[in-house]
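Participant: Please find one structure pasted underneath; my questions will follow.
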Amino acid sequence: MSCPRAIDVRFFLLFLSLPVVLGVAVGCGDSFANLAPETTDDATPTVTRQRVKTVVVRSGALEAKDRTSGVVHAFHKARVTAEIQARVLRRAVESGDRVEAGQVLVELDATRLELEVRHAEATLRAQSNDLSHAQREYDRGEKLVSNNAISTQQRDDLRHNLDSAIAARDLARVMRDTSKRNLEDAQIRAPFAGSVDSLAVDVGDYVSRGSAVATVVELSRARVFAGVTAQEAARLTGATVALVQFTALGGSEVEAELKSVGNVASMRDGTYSVELWVNEPPEGLRDGMVASVRLPIGNHAPLPLAPRAALMRRSGNPEVFVVEHKGEEQIARLRMLRTGRSAGDWIEVHQGLADGDEVIVNGQFALRDGVAIVVDSQSASAR
406 MSCPRAIDVR
416 FFLLFLSLPV
426 VLGVAVGCGD
436 SFANLAPETT
446 DDATPTVTRQ
456 RVKTVVVRSG
466 ALEAKDRTSG
476 VVHAFHKARV
486 TAEIQARVLR
496 RAVESGDRVE
506 AGQVLVELDA
516 TRLELEVRHA
526 EATLRAQSND
536 LSHAQREYDR
546 GEKLVSNNAI
556 STQQRDDLRH
566 NLDSAIAARD
576 LARVMRDTSK
586 RNLEDAQIRA
596 PFAGSVDSLA
606 VDVGDYVSRG
616 SAVATVVELS
626 RARVFAGVTA
636 QEAARLTGAT
646 VALVQFTALG
656 GSEVEAELKS
666 VGNVASMRDG
676 TYSVELWVNE
686 PPEGLRDGMV
696 ASVRLPIGNH
706 APLPLAPRAA
716 LMRRSGNPEV
726 FVVEHKGEEQ
736 IARLRMLRTG
746 RSAGDWIEVH
756 QGLADGDEVI
766 VNGQFALRDG
776 VAIVVDSQSA
786 SAR
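Just so we're aligned: 564 in the working numbering is position 159 of the sequence shown, and the numbers increase by one with no gaps anywhere.
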């Protein structure tokens, strides 16, 4: 009978000690956790690299490009507007008419303006009479004050009246001149000799100040604006004579005098604007026609050639990604360029690339400076 009782005692003691053991285990949980092995560098995940295609840069000479496209501009072109508010009374010319400088184009109703001129002239006469009276009063006061017949205060009042009369006369004169100018503006005139390209009003129309009335152009001479690269711009001088061809006029070619070369590159294509004057334009030349300009620019020394597909433009600046070999790694590096002429798929590079540089031509738009890459394939370079 003693054996079962001993077993019950052992189970009873075990039951009592169980909470103590569990409490110790829970309390030591953090200590056990700190003893867990740390993650080593060997567990670093593999970095995904962008796959790209590249081309090796080689120096070469592009075919001399002495031709560029330009656009014809009228030597003078004016959008003539109304200077006053009035109704159109007469169209003195029609579209296509030849006009001289100062010739009337459109005549406006001037009835109210004539009345304003008469009113201003009458006001000026009245103010002139008041001024004469104030001058006589002041002169009389000067004599009286010298004889102590009037006080100094009275003499000052007479001077004030004279000054006010002078100012009123001057204001009336300005109003008279303004009304006369408005009357003259009732006849809208050509600003220079040329031809009427279009009329924007008809008889009876009401025009306001600033309303377009006509467009006048002068094409007895013409301006041609074209774009050249920085290297081409450096070779051009003020004495340069170019040949300009107009395909729309049967390919006729005339001489043009170079007048200016721009100093600021276009944000659109990076070229510099040149202005040429055609002093003897062919018959039928019109504003907006396209011209082919042949400039006297010679051949160039070989320069690094970059594929057009590699170029990116950010804020107007040409950039490319080149491959940098760093041990066994290949890194994409961003380079800013200064470019020159282009021909077909190739562009001259004046600064930023050298022979042997490997430029990325496919996949570059997903890159950023300094990322790891994998060169998938390499295309043929320029010859």
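Where a beta carbon is used, it is the ideal one built from N, C-alpha and C, also for glycine.
If you're wondering where the values come from, they're calculated on a predicted model, not measured in any experiment.
1. Taking the straight line between their C-alpha atoms, what separation do you get for Ile778 and Ser747?
2. Here's the rule: buried if 16 or more other CB atoms are within 10 angstroms of the residue's CB, otherwise exposed. What is Gly761?
3. Report back the beta-carbon spacing between Ala525 and Ser584 to the nearest angstrom; my notes put them in contact at under 8 Å.
4. Quick one: what's got a C-beta closer than 7 Å to Glu488's C-beta in the same chain, skipping five residues either side?
5. Can you list, in chain order, the stretches of the beta strand (DSSP E) that have 3 or more residues and sit fully within the stretch 509-595?
6. Alpha carbons only, please: which of Gln455, Val460, Ser657, Asn552 is nearest the one belonging to Pro712?
7. Whose CA, out of Ala527, Arg699, Gly609, Ala598, lies closest to the CA of Leu576?
8. Could you tell me the alpha carbon to alpha carbon distance between Leu510 and Gln592, rounded to whole angstroms?
9. Is it right to say Ala668 is buried, meaning 16 or more other beta carbons lie within 10 angstroms of its own, or is it exposed?
10. Contact between the stretch 555-564 and the stretch 501-510 is defined here as three or more beta-carbon pairs at a separation below 8 Å; is this criterion met?
11. Classify Phe726 as helix, strand or coil using the three-state DSSP reduction.
12. Mapping the DSSP letters down to three states, classify Thr356 as helix, strand or coil.
13. Quick one: using the 10 Å Cβ neighbour count with 16 as the cut-off for buried, is Phe770 buried or exposed?
14. Using only alpha-carbon positions, find the residue among Gly721, Leu758, Glu753 that is nearest to Arg738.
15. For Ala454, name the three-state secondary structure that DSSP assigns.
16. Pick from Glu637, Ser625, Gly501, Leu567: whose alpha carbon is nearest that of Ala706?
17. Can you tell me where the beta strand (DSSP E) holding Glu623 begins and where it ends?
18. By Cβ distance, which residues of its chain are closer than 8 Å to Gln490, with the 5 residues on each side in sequence left out?
19. Does the distance from the CB of Val666 to the CB of Glu685 come in under 8 Å?
20. Report the rounded CA-to-CA distance for Glu680 versus Ser720, giving the unit in angstroms.
21. Give a yes or no on whether the C-beta atoms belonging to His755 and Leu690 are separated by under 8 Å.
22. Quick one: what's got a C-beta closer than 8 Å to Ser464's C-beta in the same chain, skipping five residues either side?
23. Tell me, to the nearest whole angstrom, how far the beta carbon of Leu513 is from that of Glu753; I am working on the premise that it is less than 8 Å.
24. To which residues does DSSP link Pro712 through a beta bridge?
25. Looking at the structure shown, is Phe480 part of a helix, part of a strand, or coil, going by DSSP?
26. Using the DSSP secondary-structure output, state which residues sit across from Arg740 in a beta bridge.
27. Just how far apart, CA to CA, sit Thr486 and Val618?
28. Determine the direct distance from the alpha carbon of Ser671 to that of Ile736, and round the result to whole angstroms.
29. Helix or strand or just coil, what does DSSP make of Gln735?
30. Among Gly599, Val522, Val606, which one has its Cα closest to the Cα of Gly501?
31. Kindly indicate which three-state DSSP category Arg492 falls into: helix, strand or coil?
32. Identify whether Val429 lies in helix, strand or coil by the three-state DSSP scheme.
33. Sorted by chain position, which residues of the same chain lie with C-beta nearer than 8 Å to Leu440's C-beta, five sequence neighbours on each side aside?
34. Grouping DSSP H, G and I as helix and E and B as strand, with all else coil, what is Ala638?
Facilitator: In this structure, then:
1. In the sequence shown, the residue the question calls residue 778 occupies position 373. In the sequence shown, the residue the question calls residue 747 occupies position 342. Going by the C-alpha atoms only, they are around 29 Å apart.
2. Numbered from 1 along the sequence shown, position 356 holds the residue referred to as residue 761. Under this definition Gly761 is an exposed residue.
3. The residue you call residue 525 lines up with position 120 of the sequence shown. The residue you call residue 584 lines up with position 179 of the sequence shown. With a Cβ gap of about 4 Å, Ala525 and Ser584 count as contacting.
4. Your numbering for residue 488 matches position 83 in the sequence shown. Same-chain partners within the cutoff: Asp590, Arg614.
5. Taking only runs of at least 3 residues, the beta strand (DSSP E) segments lying wholly in the stretch 509-595 are 509-513, 592-594.
6. Here residue 712 refers to the residue found at position 307 of the sequence shown. Out of Gln455, Val460, Ser657, Asn552, Val460 has the C-alpha closest to the C-alpha of Pro712.
7. The residue given as residue 576 occupies position 171 in the sequence shown. The closest CA to that of Leu576, considering only Ala527, Arg699, Gly609, Ala598, is found on Ala527.
8. Locating residue 510 in the sequence shown gives position 105, where the first residue counts as 1. Locating residue 592 in the sequence shown gives position 187, where the first residue counts as 1. Rounded to whole angstroms, Leu510 to Gln592 spans 7 Å at the Cα level.
9. Within the sequence shown, numbered from 1, the residue matching residue 668 stands at position 263. The sequence given here places Asn at residue 668; Ala does not occur at that position. Answer is exposed; the Cβ neighbour count stays below 16.
10. Using a Cβ-Cβ distance cut-off of 8 Å, the stretch 555-564 and the stretch 501-510 are not in contact, since fewer than three pairs of beta carbons, one from each stretch, lie closer than that value.
11. Counting from 1 along the sequence shown, the entry for residue 726 is found at position 321. Reduced to three states, the DSSP call for Phe726 is strand.
12. Given that the chain is displayed from residue 406 to residue 788, the structure contains no residue 356 and the question cannot be resolved.
13. Locating residue 770 in the sequence shown gives position 365, where the first residue counts as 1. Exposed.
14. Along the sequence shown, one-based indexing puts residue 738 at 333. Nearest C-alpha to Arg738 among Gly721, Leu758, Glu753: Leu758.
15. Start at 1 with the first residue of the sequence shown, and residue 454 comes out as number 49. Note that residue 454 is Arg in the sequence shown here, rather than Ala. Here Arg454 sits in coil by DSSP.
16. Position 301 of the sequence shown holds residue 706. Considering only Glu637, Ser625, Gly501, Leu567, the residue with the shortest C-alpha distance to Ala706 is Glu637.
17. Working through the sequence shown from its first residue, we reach residue 623 at position 218. Where Glu623 is concerned, the enclosing beta strand (DSSP E) stretches over 617-633.
18. Taking the sequence shown and counting its residues from 1, the one referred to as residue 490 is at position 85. Apart from the 5 residues on each side of it in sequence, Gln490 sits with its Cβ closer than 8 Å to the Cβ of Tyr611, Val612, Ser613, Arg614 in its chain, given in chain order.
19. The sequence position of residue 666 within the sequence shown is 261, counting from 1. The sequence position of residue 685 within the sequence shown is 280, counting from 1. Not closer than 8 Å, so no.
20. Residue mapping note: residue 680 aligns to position 275 of the sequence shown, counting from 1. Residue mapping note: residue 720 aligns to position 315 of the sequence shown, counting from 1. Near 26 Å, if we compare the C-alpha coordinates of Ser720 and Glu680.
21. For the purposes of this step, residue 755 is identified with residue 350 of the sequence shown, where counting begins at 1. For the purposes of this step, residue 690 is identified with residue 285 of the sequence shown, where counting begins at 1. No, Cβ-Cβ distance for His755 and Leu690 is not below 8 Å.
22. Working through the sequence shown from its first residue, we reach residue 464 at position 59. Shown here for Ser464: same chain residues with a beta carbon closer than 8 Å to its own, the five before and five after excluded, namely Pro707, Leu708, Pro709, Leu710, Asp760 in chain order.
23. The count along the sequence shown starts at 1 and reaches residue 513 at position 108. The count along the sequence shown starts at 1 and reaches residue 753 at position 348. Between Leu513 and Glu753 a beta carbon distance of about 58 Å is seen, past the 8 Å cut, so the two are scored as non-contacting.
24. Here residue 712 is taken as the residue at index 307 of the sequence shown, counted from 1. Its beta-bridge partners are Trp751.
25. For the purposes of this step, residue 480 is identified with residue 75 of the sequence shown, where counting begins at 1. Strand at Phe480.
26. What you label residue 740 is simply residue 335 of the sequence shown in a count that begins at 1. In the DSSP output, where bridge partners are listed per residue, Arg740 has Val725.
27. Stepping through the sequence shown from its first residue, residue 486 is reached at position 81. Stepping through the sequence shown from its first residue, residue 618 is reached at position 213. Cα to Cα, the separation comes out at about 5 Å.
28. In the sequence shown, counting from the first residue as 1, residue 736 sits at position 331. In the sequence shown, counting from the first residue as 1, residue 671 sits at position 266. If you take the alpha carbons of Ile736 and Ser671, they lie about 32 Å apart.
29. Counted from its first residue, the sequence shown places residue 735 at position 330. The DSSP-derived three-state label of Gln735 is strand.
30. By one-based count along the sequence shown, residue 501 stands at place 96. Residue Gly599 is the option with its Cα nearest to Gly501.
31. Residue numbering aside, residue 492 sits at position 87 when the sequence shown is read from its first letter. Looking at Arg492 - three-state DSSP - the assignment turns out to be strand.
32. In the sequence shown, counting from the first residue as 1, residue 429 sits at position 24. Unreliable positioning characterises Val429 in this predicted model, as indicated by a pLDDT of 39, which lies under 50. The coordinate reading is nonetheless provided below. Here Val429 sits in helix by DSSP.
33. Residue 440 sits at position 35 when you count from the first residue of the sequence shown. At Leu440, the pLDDT of 34 sits below 50, so the modelled position is not reliable and the matter cannot be decided from this model.
34. Numbered from its first residue, the sequence shown carries residue 638 at position 233. Collapsing the DSSP output to three states places Ala638 in a helix.
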